[in-house]
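**Student:**
Residue numbers (our numbering), protein chains in the order written: chain A, 1 to 402; chain B, 403 to 1415.
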């Protein structure tokens, strides 16, 4: 088996269950060549989903989950990851020669810091860096901040950026540093959508650096897996034959949840509700169940724990409707988020219902069977009622046929 | 060093015993208990450190070494005599994986080490129960009754571990956690606490937990010294204060910034500081030397001066001034845990608001789902403490207790209450406890049942009855921002329970507490609970209803529920306003203004005026406002500001320089942008955004602080307002206030006397109280956005506007944003912009749509703008939204509605609208419909019912645009359904709005009115 010539550093990578791990694995699959992977041991924060390894399993030659403390952004955590990861890469390199290509993905800034550390010592390597979301802007549009320390690592990276003809931000904000380092050193910068690129480059402290980043950037939405993945594993999950089964598989965030749809369901009359069932897959199904237990939504909402990835793909194909929703940003702000789940829905053969914010990337996507504005109970009720009416018509037609 | 040489293989635990002269008696018991551990002798070593002059201890150890050859006993010597120094010597010589400290005069249970080691995992600190055992003997059954076992969860934060925070004993430290940490030998006392603070300070360990599982497995650490006895006697300043201050100095030196302190350090600092505060409260003579010492030490982030006193919240809290703090730690005492559980909701309510509560009882237990408070089952010490006087009874008390024990341990404590005379029993209630203050130290002790009262008498506690807890609930509700449904029930129940107290009870909250609690409930939409509190208040204080506005608050609750003024509103408001006058005359300004604020709120409530077709304020303002206008306080509030407040103008003469303009954009600044743009280049304009100073400027609700300000200004009294606001007015030649709101009132107070003051009046201003509180004698110009609005306001303000120049000028239409409608579906599409509020009455639009679709299913309705608010403040708004959605979901129109949602691009969305609807109950101008017409839609304007009698829509638009009913609207639309007819009518209407409202001349008109140019 050939050695990998590409090193992947993704702080989170399969088997850890996290959207960014799935996308990183999809990118590896897209690369279609052997890779060595350094990630962080995320057991403290995440559960494992072995099925995720099937996305790119045969392409991964060497794999190391380094035991650095799991942390989203603390500098000691990042430094620890970088030190352990870099030592691992050097050890592998000693065994098989230098890498020609480097791919990093963040969500977790540590991914890029490790890649930058490698690039700083291996200027000939081709570095492809991907941002899942803006790092220095939080989900509510505010500045995300966590300061790094002036130490050997930060000094080395500062020198590398300066050697490229740019400067790091005047402050020590880890996130802004991370973005600036990628903008200055990466050979190709992947954004998942153009609004994300616009927001991140607009926020860059140095217009010349932003220009360089734009020139080296590509916009590449999350890859869609081949149809074969949707039948690799079956899922025993039971769907109601007499109801419209709506699947919600997205993760809950501060600014993205299922509350809007639950509010809308609560306001629907019983004759509509009895034709609907919303299936929510979440890390905390008890919370959702607690919210609806004993209420009129008792039969209309079912909450379950996450499925493994292949089960999810299989079930997505069996649902009647798949629901995807935008993150809510403040009025007038750019919405830089594209739900990665949309790529999995796109590959399924099930109609998709999108609840979107005007101007967002998701809003501009085509191919939705149903479309509602975000934060709009009246519109969501309208869609739900239409879905229920469709079910009624279908039932009536079947009855006639009998 | 003598004894067994250091082991070749590392033992699992190194036990460190620091002996010192005078402890040899206890030392033997201590070491014996260690030698009897039920773990293999090879699993642990015992390091005993003695001082050179402590021959007795050394001999004892040497004897034990000989007697126990299989054990690893090592004797070390420390030159210094402090316990800390001795332990440090041992720490330098340990080789175990874990370290255990045992004081030489204490001893441990047989399973002590095995239980601790069983839980050792290098992730947390296993801890044993620490049991006060002053006489060194373990009583019958006491192993099962130690206080520390009250923990219901095994893992607790170290900062929350009770006595374990203060001592290094009773726990098992991983050796590598200690590292180079050593005991501070310079400290007379408290070096254990400082040691712990060091061990748990690094980030990796600061959130470490203690594992209480060994407690349940029988790990007991028997301590002879009384808890915290090192700081006794309390009468000695050095012992009770200075030593604590010294500890605080050492602890605060650990981290330069108090915000960086590790949780344990922080807990210790707070604990010691509170102890000092307690001493100072009891011994005022110590305050002066304490201040001297504090100054010398310059402690950071330490509050030792807080002496908690109890008083009730008053009306000042509504003005944003702070009310009293919490009552301080509260100790609940009961005979049975059931009496505690009975009050669980009240306890939860208070604990959730950070009131420190401990609960003590004799029998029973408390389940896991109880609020997170410290609780303990009081322990009866079976053996009489050493030195206790004998009771006169022939048999010793302990033997009676033993006899009772035979009956059964569960009834032991109950029996004890009957069998044992109270003064004697008091001696047998163990007061030692790690995590909770002892009962006698708690500033507030509350008795929850009869056995609790017996206990209190026995312990000589100065205690409150159980209603005191209810009083705290009510007082806490009086200043609570959020109150849930369940909590509201707790508050209501507390109020009802309080009515059992006699009227002269010191525990009965004063009337204002009931008032404020009911107001907070109303603010949280807990109307039923509010009514119960008000009813209870009347029962408790039959004569106080008027002077505390309880009728008015009842009206407020009714309005929120029913959406209109209830019957009897006028006499109730009159009575309250009479009280307001009386109180003002007595100097009770806050109280008086509180009453007037809520009378205003009742009379001008948005539920009554903002969303109805026929608001009383528009129909007959004089009748509505009579309760106010007949009162002295209202007349004061609306009197001219006297004498005028001197904020000098720029005294600019025309032509010398550009005038200095201050622009107040109001809470909704959208409309002021055009004004600001018009002044660009003609004036030096600054913008004063009052919402930057306080969020309440963003609403039109009454504000007690602004009422107080306005009243003080009318009285010529000192004004309490941010000096930056006043300064913003200084030197201005012109002040322009967009919206006749709070900002306009301030402008009329603070604009320089010779400055020009221009106020623009919008529709919503005509429904708020601020129009009446503006000092119109200071206003030079008022701009109304429509003629019908001007007529309405004249009806409110009467001759106050006689000397004010009046202008009517609509908003400017920026037509450049709108292309003409080209979409082929437009002739069958109705549009409504900004529809998601009751006042916009979108149901009316649905009826128009339904009427059209009855004959032709091609008709559609486009609703542009946000939905109804997701959590509307008003019941009527919620009910309206539900009614709208119910109608919108009916099959005849459901699929014909397009929802756009919030948009920044209205122009593109109205481009396919053929008929522009205005369906509102009231509009002063309605920019949404004008923009649709500008885009090429045919206007269909409802004759806005609120302003119908003042000219209404006809004062702005041609008569033929205006309709009265949905049916008329449908008829007008159908009359223009032919594409040719529709196009011609749309073109005509478009031309009209450009001619009437086009922005071309608007800028010049703004300058003419504001600058006079």
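A virtual CB, placed ideally from N, CA and C, is assigned to each residue, including glycine. This structure is a prediction, so every number in the text was calculated from the model and none was measured.
Can you tell me the Cα-Cα spacing of residue 419(B) and residue 487(B), whole angstroms?
**Tutor:** Rounded to whole angstroms, residue 419(B) to residue 487(B) spans 12 Å at the Cα level.
**Student:** With C-beta atoms as the reference, is residue 241(A) less than 8 Å away from residue 189(A)?
**Tutor:** Not closer than 8 Å, so no.
**Student:** Once you ignore the five residues that flank residue 851(B) on each side, which residues in its own chain have a CB closer than 7 Å to its CB?
**Tutor:** Result list for residue 851(B): 736, 737, 738, 741, in chain order.
**Student:** Which of helix, strand or coil does DSSP assign to residue 4(A)?
**Tutor:** Reduced to three states, the DSSP call for residue 4(A) is coil.
**Student:** What are the partner residues of residue 500(B), as DSSP defines its beta bridges?
**Tutor:** BP columns for residue 500(B) point to 415(B), 576(B).
**Student:** Would you mind telling me which residues of chain B sit closer than 8 Å to residue 332(A), beta carbon to beta carbon, in chain order?
**Tutor:** The contacting residues are 1306.
**Student:** Identify every run of the beta strand (DSSP E) within the segment 102 to 154 of chain A, keeping only runs that are complete inside it and at least 3 residues long; order them along the chain.
**Tutor:** Entirely contained in the segment 102 to 154 of chain A, the beta strand (DSSP E) runs reaching 3 residues are, in chain order, 126 to 131.
**Student:** Taking 8 Å as the CB-CB cut-off, is residue 1345(B) touching chain A?
**Tutor:** Chain A contact via Cβ: absent.
**Student:** My parser needs the beta strand (DSSP E) runs of 3 or more residues fully inside the segment 302 to 370 of chain A; what are they?
**Tutor:** Here the runs fully enclosed are 321 to 325, 352 to 356.
**Student:** Under 8 Å between C-beta atoms, does residue 365(A) make it to chain B?
**Tutor:** Closer than 8 Å: no.
**Student:** Just to confirm, are residue 65(A) and residue 41(A) a CB contact at a threshold of 8 Å?
**Tutor:** Taking 8 Å as the Cβ cut-off, residue 65(A) and residue 41(A) qualify as a contacting pair.
**Student:** Can you tell me whether residue 1111(B) is buried or exposed, with buried defined as 16 or more other CB within 10 angstroms of its CB?
**Tutor:** Buried, by the Cβ-count rule.
**Student:** Thinking C-alpha only, which one of 889(B), 558(B), 651(B) is nearest residue 593(B)?
**Tutor:** When only C-alpha atoms are compared, the closest one is 651(B).
**Student:** Can you pull the chain B residues whose beta carbon is under 9 Å from the beta carbon of residue 386(A), in chain order?
**Tutor:** What residue 386(A) touches in chain B: 1296, 1297.
**Student:** Residue 1287(B) CB to nearest chain A CB: under 8 Å?
**Tutor:** Chain A contact via Cβ: present.
**Student:** Which parts of the segment 1141 to 1217 of chain B are runs of the alpha helix (DSSP H), unbroken and 4 residues or longer, counting only runs that do not cross its ends?
**Tutor:** Counting only runs of 4 or more, we get 1144 to 1152, 1172 to 1175, 1189 to 1199.
**Student:** Between which two residues does the alpha helix (DSSP H) harbouring residue 508(B) extend?
**Tutor:** Neither: residue 508(B) is in no alpha helix (DSSP H) and is coded neither H nor E.
**Student:** Report yes or no: is there a C-beta of chain A within less than 8 Å of the C-beta of residue 1290(B)?
**Tutor:** Answer yes: the Cβ-Cβ gap between residue 1290(B) and chain A drops below 8 Å somewhere.
**Student:** Does the Cβ of residue 119(A) have 16 or more other Cβ atoms within 10 Å, making it buried, or fewer, making it exposed?
**Tutor:** Buried.
**Student:** Are there three or more Cβ pairs, one per stretch, closer than 8 Å when the segment 972 to 990 of chain B is compared with the segment 1085 to 1102 of chain B?
**Tutor:** Segments in contact, no.
**Student:** Would you mind sorting residue 884(B) into buried or exposed? The rule is 16 or more other CB atoms within 10 Å of its CB.
**Tutor:** By the neighbour-count rule (16 or more Cβ atoms within 10 Å), residue 884(B) is not buried but exposed.
**Student:** Along chain B, which residues have their Cβ under 8 Å away from the Cβ of residue 267(A)?
**Tutor:** Residues of chain B passing the Cβ test: 1284, 1287.
**Student:** Quick one: which chain A residues come within Cβ less than 9 Å of residue 521(B)?
**Tutor:** Here the premise fails: no neighbours, minimum Cβ distance about 21 Å.
**Student:** Comparing C-alpha positions only, which one of 913(B), 474(B), 868(B), 920(B) sits nearest to residue 890(B)?
**Tutor:** Taking only the C-alpha atoms, the option nearest residue 890(B) is 920(B).
**Student:** If we count the other Cβ atoms within 10 Å of its Cβ and call it buried at 16 or more, is residue 132(A) buried or exposed?
**Tutor:** Under this definition residue 132(A) is a buried residue.
**Student:** For residue 320(A) and chain B, any beta-carbon pair shorter than 8 Å?
**Tutor:** No, residue 320(A) lies away from the interface with chain B (no Cβ there is under 8 Å from its Cβ).
**Student:** When the Cα atoms are used, what is the spatial distance from residue 1141(B) to residue 263(A)?
**Tutor:** Roughly 35 Å separates the two Cα atoms.
**Student:** Whose Cβ in chain A lies nearer than 8 Å to the Cβ of residue 1301(B)?
**Tutor:** Ordered by position in chain A, the residues that pass the 8 Å Cβ test against residue 1301(B) are 372, 373, 376, 378, 379, 382.
**Student:** State yes or no: is the beta carbon of residue 43(A) nearer than 8 Å to at least one beta carbon in chain B?
**Tutor:** So, not an interface residue.
**Student:** Could you name each continuous alpha helix (DSSP H) segment of 4 residues or more that falls completely within the segment 187 to 260 of chain A, going from the start of the chain to the end?
**Tutor:** Entirely contained in the segment 187 to 260 of chain A, the alpha helix (DSSP H) runs reaching 4 residues are, in chain order, 194 to 202, 207 to 215.
**Student:** Which class does residue 173(A) belong to by DSSP, given the choice of helix, strand or coil?
**Tutor:** Residue 173(A) falls in the strand class under three-state DSSP.
**Student:** So, helix, strand or coil for residue 1123(B), using DSSP?
**Tutor:** Note: residue 1123(B) maps to coil in three-state DSSP.
**Student:** Kindly indicate which residue of 1009(B), 431(B), 476(B), 1003(B) has the alpha-carbon position closest to the one of residue 1280(B).
**Tutor:** For residue 1280(B), the nearest C-alpha among the options comes from 1009(B).
**Student:** Check whether the Cβ of residue 1269(B) lies closer than 8 Å to any Cβ atom in chain A.
**Tutor:** With 8 Å as the cut-off, residue 1269(B) counts as an interface residue toward chain A.
**Student:** On the criterion of 16 or more Cβ atoms from any shown chain inside 10 Å, does residue 1120(B) qualify as buried, or is it exposed?
**Tutor:** Counting Cβ neighbours within 10 Å, residue 1120(B) comes out exposed, since fewer than 16 surround it.
**Student:** Need the endpoints of the alpha helix (DSSP H) that residue 26(A) sits in, please.
**Tutor:** Residues 19 to 31.
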